[in-house]
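Undergrad: As numbered in mature numbering (1 follows the signal peptide of the UniProt record, and there is no 0), residues -18 to -1, 1 to 103 make up the sequence shown, in order.
The beta-carbon is built from N, C-alpha and C at its ideal position, and this holds for glycine as well.
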Amino acid sequence: MMLKLLFVLVACIGKANAFAVLPKTLATTSLSMNADAWSSSSASGGGAGQLEQIEFKIYPDGRVEETVRGVKGANCHKITENINAALGVVISSSPTEEMFEEEIVVNQKITQSDWEGSSSW
């Protein structure tokens, strides 16, 4: 899922640069990350079926605004630390209401046994 998100992110950055007002001298920036750099925010692994989103707004002056949705608690900082390191200096960070929510983890154990000894008559 995170690798798919990376491809969407790269596609969005490419599209955003197409509409940005560029100076007369073209400056290029590369953003490269490998799949091993991504980690799941869920303690149960794999996001537990919930949708995790990272939205980027790229402004003409080069600022990038990043919004994380679908991640409970302070795990959003863990998810975005590699991206933020590649993008540059973080000027400000403000929590969403999801940061103050706790992730609910349900552990379920199913036991299956033979028919022998389970008769009620």
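#1: Under a Cβ-count criterion, where at least 16 other Cβ atoms within 10 Å of its own Cβ denotes burial, should residue 36 be classed as buried or exposed?
#2: Can you give me the C-alpha to C-alpha distance between residue 90 and residue 32, rounded to a whole angstrom?
#3: Can the beta-carbon of residue 84 be found less than 8 angstroms from the beta-carbon of residue 62?
#4: On the DSSP bridge assignment, give the partners of residue 36 in chain order.
#5: By how many angstroms is the C-alpha of residue 46 removed from the C-alpha of residue 66?
#6: Beta-carbon within less than 6 angstroms of residue 58's beta-carbon, same chain only, minus the 5 sequence neighbours each way: which residues are those?
#7: Quick check: residue 55 and residue 81, are their CB atoms within less than 8 angstroms of each other?
#8: Can you give the Cα-Cα distance for residue 73 and residue 40, rounded to whole angstroms?
#9: Could you check the C-alpha separation between residue 78 and residue 70 for me, to the nearest Å?
#10: Is residue 93 buried or exposed, if buried means 16 or more other CB atoms sit within 10 Å of its CB?
TA: Walking through what the data contain:
#1: Taking the first residue of the sequence shown as position 1, residue 36 is located at position 54. With 16 or more other Cβ atoms within 10 Å, it is buried.
#2: Here residue 90 corresponds to residue number 108 of the sequence shown, with the count starting at 1. Here residue 32 corresponds to residue number 50 of the sequence shown, with the count starting at 1. Roughly 18 angstroms separates the two Cα atoms.
#3: Here residue 84 refers to the residue found at position 102 when the sequence shown is read from its first residue. Here residue 62 refers to the residue found at position 80 when the sequence shown is read from its first residue. Taking C-beta atoms as the reference points, residue 84 and residue 62 fail to come closer than 8 angstroms.
#4: For the purposes of this step, residue 36 is taken as the residue at position 54 of the sequence shown. Paired residues: 50.
#5: The sequence position of residue 66 within the sequence shown is 84, counting from 1. The sequence position of residue 46 within the sequence shown is 64, counting from 1. When the Cα atoms are used, residue 66 and residue 46 turn out to be separated by approximately 10 angstroms.
#6: The residue given as residue 58 occupies position 76 in the sequence shown. Around residue 58: 50.
#7: As a first step, residue 55 must be located in the sequence shown, where it is residue number 73. As a first step, residue 81 must be located in the sequence shown, where it is residue number 99. Yes, they are a contact pair.
#8: Here the question's residue 73 lines up with position 91 in the sequence shown. Here the question's residue 40 lines up with position 58 in the sequence shown. The straight-line gap from Cα to Cα measures roughly 15 angstroms.
#9: Along the sequence shown, one-based indexing puts residue 78 at 96. Along the sequence shown, one-based indexing puts residue 70 at 88. About 22 angstroms.
#10: The residue you call residue 93 lines up with position 111 of the sequence shown. Exposed.
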